[in-house]
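In what follows, a single structure is set out as C-alpha cells and then discussed.
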C-alpha cells in the first residue's frame with residue numbers, strides 16, 4: 041500500500057483501512073509464519089556477510105492428498121542454493137488463485153511469496169500450479185501448471201524451484217537435474233540415479249564388486265563408469281533409460297577415469313595397457329584407443345574444459361600429484377596447481393570460471409576452489425576426507441563426498457563455502473557423486 | 086471465516102489504491118501449461134522404463150569367479166607412498182615365480198592395492214604401480230610377461246578395516262593370484 045494512494049481517501053476510510061490492515065497483518069502473520077521444521081535435510085549456514093533473499097513458500101492447497109509435500113521440496117531446494125532463506129510456512133487455502141496480502145508478508149520480512157495448489161485429476165495424475173509474487177514491488181511474477189503422474193511430483197516441485205530461482209536471481213535453476221552416486225552396503229555396490237537433492241533414487245546398477253567414477257554423458261542419457269565386476273577395472277557406458285551397457289575399455293591392465301568430451305563423441309580415460317597409468321582418447325562409438333601423452337609418470341583423472349579445447353588432469357610428473365592442463369590433442373602441458381604437495385580430482389565449472397579440486401593439507405583431504413582467471417583460492421570445508429567434487433550445471437553449487445560421523449556422505453556447498461547441505465535419501469556409505477546436465481527439451 | 090473477510094477487505098483496499106495487483110480470477114500459468122513426464126529425456130519414454138524418471142535396473146549378480154586360496158604366501162606389502170618391492174618380500178616373489186613357471190599355461194593376475202587415504206582414481210594409479218613393480222620382479226625371475234596381467238583395485242578392497250597404520254600397512258599390498 042503506498043502513501044500517495046492514501047491521500048485520496050477520506051480520513052475515516054484511511055483510519056478504517058489501517059485498522060483492517062493491522063488485523064489482517066496479525067491474523068496472517070500469526071497463521072502463516074509457523075516455522076517449518078520438517079526440512080528434508082539439514083542445511084548448515086556458516087560465516088557472516090550472507091545475502092539471502094527471505095522468501096515464503098506457502099503450503100500448497102491440497103498437497104496433503106499427494107504423496108509429496110511440494111512446498112517442502114521447493115523450500116529445501118531454494119535453501120540449499122544458499123541464495124534464499126525461507127520464512128514462514130503458511131496456511132492451507134492460499135493458492136495460486138488467491139490474492140495474498142503482500143504487505144503482511146512484507147511486514148513479516150519476506151521479499152517473495154510462492155503459493156500454489158495440488159489437485160488430483162480423474163486420470164490419476166496431479167495438476168500442480170503455483171504463482172510467484174514479488175512482495176517488495178507488489179508484482180505478480182507469473183506461474184505455471186504441470187500435469188504429472190505421482191512419480192513425477194518431485195520433478196514438478198523441482199521445476200517450480202527452478203522457475204523461482206531464475207526469476208529472482210537471474211540465473212538458471214538446476215534443481216530439476218539428476219545426479220549419480222554409488223552406495224556400498226552389505227557388500228553390494230549400487231550405482232544410483234536420483235534427483236539433485238538425493239531423493240527419488242533409483243538403482244541403475246547393482247554389483248558385488250566396486251563401482252567408481254560415474255560420469256554423465258553431456259546429453260544426460262548415459263553414464264560412463266568403472267566397474268570391477270570382472271575382477272579388474274573396466275569402463276562401461278550405460279544407457280540409463282534402457283539399462284543397456286556397452287564395454288568401452290577392457291584392455292589389458294586397468295581401465296579407469298572416463299571423461300566425456302562436450303560433444304559426446306570422445307571419452308578420455310586412463311589405461312595401463314602399455315604399462316603405467318596413461319591418458320588415451322577413445323571413440324565413444326568404439327574403436328582403438330589413441331594415446332594422448334606419453335610419460336613415465338602417473339597421468340589420470342582427465343576432465344574436459346567446458347569448450348572442449350583443454351583437458352585438465354592429474355600427474356605426478358613433478359613428484360607428488362598436481363593438476364595440469366593441455367590441449368585436447370595432448371599438446372602444451374602446463375601446471376595449474378602450485379600450492380600444496382597433493383592436489384587431485386579436478387572439476388571444472390560449466391561456465392569456465394572455476395576449478396574445484398581436493399588438496400591434502402596436513403593429513404586432511406579438503407575441497408578447494410580455484411578461480412581460474414585470477415588464481416584466487418578458497419578452502420571450502422572443515423571436514424577432512426573430502427573427495428570427488430562435481431559442479432551443478434548452472435555452476436552455482438558444488439557436490440562432493442566426505443565423511444561425517446564415520447560414514448561416507450554427500451554434501452552440497454555454495455561456492456563461498458557458507459551454505460552446506462547433507463543429502464539424504466540413502467543410508468549407509470554414499471560416495472562418487474556426479475551432477476548431470478540440464479535437461480534438454 | 087473472519088480471517089477470510091479480513092483478507093478480502095485488505096485486498097479490496099489494496100485494489101482500490103490502484104496497485105498492479107489484479108483483483109480476482111488471476112489467470113493461471115500465464116498460458117504456460119507444461120506437461121512433465123513426456124517431453125523430457127529420461128522422463129517417461131518407452132521400453133524397459135520402470136518409472137517416470139526412466140532408470141532401468143541392471144544387476145550384475147553374484148561374484149562369478151571364486152578366488153582360489155593361494156598355495157603359498159602371495160602378498161607383497163609396501164611402505165606408504167612407495168611401490169618398491171622390499172627385500173623381505175623377495176622370498177614371496179621367488180616362490181610364486183617358481184609356481185608360475187612350472188605351469189606355462191597358467192594365467193596370473195597381480196592385483197595392486199592402497200590404503201584408504203586420498204582419492205579413488207589416484208589410488209587406483211598407485212595400486213597399478215605396485216602391481217607393475219611385482220610383475221617386473223617376477224619377470225626378472227623368468228616369468229613370461231604374457232602370463233601376467235597387472236591390475237589395480239586402488240583403495241576399493243581393503244583387507245583390514247580401520248583408519249590406523251595397523252590397517253593401512255595391511256592394505257598397501259599386491260596379491261599374486263593364479264586364475
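Chains as they are written, first to last, in the working numbering: chain A, 41 to 481; chain B, 86 to 264. Just so you know, even glycine gets a beta-carbon here, dropped at the ideal spot from N, CA and C.
Pull up the distance between the alpha-carbon of residue i and that of residue j, whole angstroms please.
i                      : j                      : result
residue 241 of chain B : residue 224 of chain A : 11 Å
residue 166 of chain A : residue 217 of chain A : 21 Å
residue 147 of chain B : residue 269 of chain A : 9 Å
residue 251 of chain A : residue 296 of chain A : 11 Å
residue 203 of chain B : residue 244 of chain A : 27 Å
residue 241 of chain A : residue 232 of chain A : 6 Å
residue 343 of chain A : residue 201 of chain B : 23 Å
residue 137 of chain A : residue 248 of chain A : 53 Å
residue 340 of chain A : residue 352 of chain A : 9 Å
residue 319 of chain A : residue 333 of chain A : 6 Å
residue 329 of chain A : residue 323 of chain A : 7 Å
residue 105 of chain A : residue 115 of chain A : 19 Å
residue 103 of chain A : residue 430 of chain A : 33 Å
residue 452 of chain A : residue 377 of chain A : 23 Å
residue 247 of chain B : residue 405 of chain A : 17 Å
residue 233 of chain B : residue 215 of chain B : 14 Å
residue 196 of chain A : residue 354 of chain A : 39 Å
residue 285 of chain A : residue 301 of chain A : 19 Å
residue 110 of chain A : residue 367 of chain A : 46 Å
residue 171 of chain A : residue 93 of chain A  : 17 Å
residue 191 of chain B : residue 211 of chain B : 26 Å
residue 283 of chain A : residue 222 of chain A : 16 Å
residue 200 of chain A : residue 239 of chain B : 42 Å
residue 122 of chain A : residue 454 of chain A : 6 Å
residue 90 of chain A  : residue 443 of chain A : 26 Å
residue 338 of chain A : residue 257 of chain B : 18 Å
residue 428 of chain A : residue 139 of chain A : 46 Å
residue 128 of chain A : residue 168 of chain A : 21 Å
I believe residue i touches residue j by the beta-carbon criterion, under 8 Å. Please report the beta-carbon distance rounded to the nearest angstrom.
i                      : j                      : result
residue 36 of chain A  : residue 306 of chain A : As displayed, chain A neither begins before 41 nor continues past 481, which places residue 36 of chain A out of reach and without an answer.
residue 222 of chain B : residue 178 of chain B : 5 Å
residue 299 of chain A : residue 254 of chain A : Incorrect: roughly 11 Å between the Cβ atoms, too far for contact.
residue 356 of chain A : residue 215 of chain A : The Cβ separation is near 38 Å, so there is no contact.
residue 420 of chain A : residue 412 of chain A : Not confirmed; about 16 Å, so no contact.
residue 150 of chain A : residue 113 of chain A : Actually they do not touch by this definition, with Cβ atoms about 19 Å apart.
residue 402 of chain A : residue 381 of chain A : Rounded, the Cβ-Cβ distance is 11 Å, inconsistent with contact.
residue 475 of chain A : residue 433 of chain A : 7 Å
residue 235 of chain B : residue 312 of chain A : 7 Å
residue 153 of chain A : residue 145 of chain A : 5 Å
residue 463 of chain A : residue 237 of chain A : 6 Å
Using DSSP's beta-bridge definition, name the partner residues of residue i.
i                      : result
residue 234 of chain A : A:219
residue 444 of chain A : A:447
residue 263 of chain B : B:193
residue 242 of chain A : A:233
residue 408 of chain A : A:397, A:419
residue 293 of chain A : DSSP output for residue 293 of chain A lists no bridge partner at all.
residue 29 of chain A  : What the structure shows of chain A is the stretch from 41 to 481, and residue 29 of chain A is not part of that stretch, so it cannot be assessed.
residue 308 of chain A : A:299, A:321
residue 228 of chain B : The partner list for residue 228 of chain B (beta bridge, DSSP) is empty, contrary to what the question assumes.
residue 239 of chain B : B:198
residue 234 of chain B : B:194
Assign residue i to one of two classes, buried (16 or more other C-beta atoms within 10 Å of its C-beta) or exposed (fewer than that).
i                      : result
residue 347 of chain A : exposed
residue 184 of chain A : buried
residue 213 of chain B : buried
residue 188 of chain B : exposed
residue 262 of chain A : buried
residue 229 of chain A : buried
residue 472 of chain A : buried
residue 321 of chain A : buried
residue 165 of chain B : exposed
residue 206 of chain A : exposed
residue 257 of chain A : buried
residue 336 of chain A : exposed
residue 176 of chain A : exposed
So is residue i in contact with chain D if we call contact Cβ pairs under 9 Å?
i                      : result
residue 458 of chain A : Among the protein chains of the structure shown, namely A and B, there is no chain D.
Q. Could you give the uninterrupted runs of the beta strand (DSSP E) lying entirely in the region 244-286 of chain A, keeping only those of 3 residues or more?
A. Uninterrupted beta strand (DSSP E) stretches at least 3 residues long and entirely within the region 244-286 of chain A occur at 251-256, 262-267, 274-279, given in chain order.
#### Entry: Segments of 4+ residues assigned as alpha helix (DSSP H) that fall wholly inside the region 86-123 of chain A
Taking only runs of at least 4 residues, the alpha helix (DSSP H) segments lying wholly in the region 86-123 of chain A are 110-120.
What are the start and end residues of each continuous alpha helix (DSSP H) run of 4 or more residues lying completely inside the region 147-219 of chain B, in chain order? Qualifying alpha helix (DSSP H) stretches, in chain order: 175-186.
**Message:** As an exercise, report each continuous alpha helix (DSSP H) stretch of at least 4 residues that is fully enclosed by the region 172-217 of chain A, in chain order.
**Reply:** Counting only runs of 4 or more, we get 193-209.
Unbroken beta strand (DSSP E) runs of length 3 or more, entirely within the region 365-392 of chain A: which are they? Runs of the beta strand (DSSP E) lying entirely within the region 365-392 of chain A and spanning at least 3 residues, in chain order: 383-388.
Item to check | 4 or more residues per run - each alpha helix (DSSP H) lying fully within the region 332-367 of chain A | outcome: Counting only runs of 4 or more, we get nothing.
Fill in: Length at least 4, wholly inside the region 129-164 of chain A: the alpha helix (DSSP H) runs in chain order
As far as the region 129-164 of chain A is concerned, its whole alpha helix (DSSP H) runs of at least 4 residues are 142-147.
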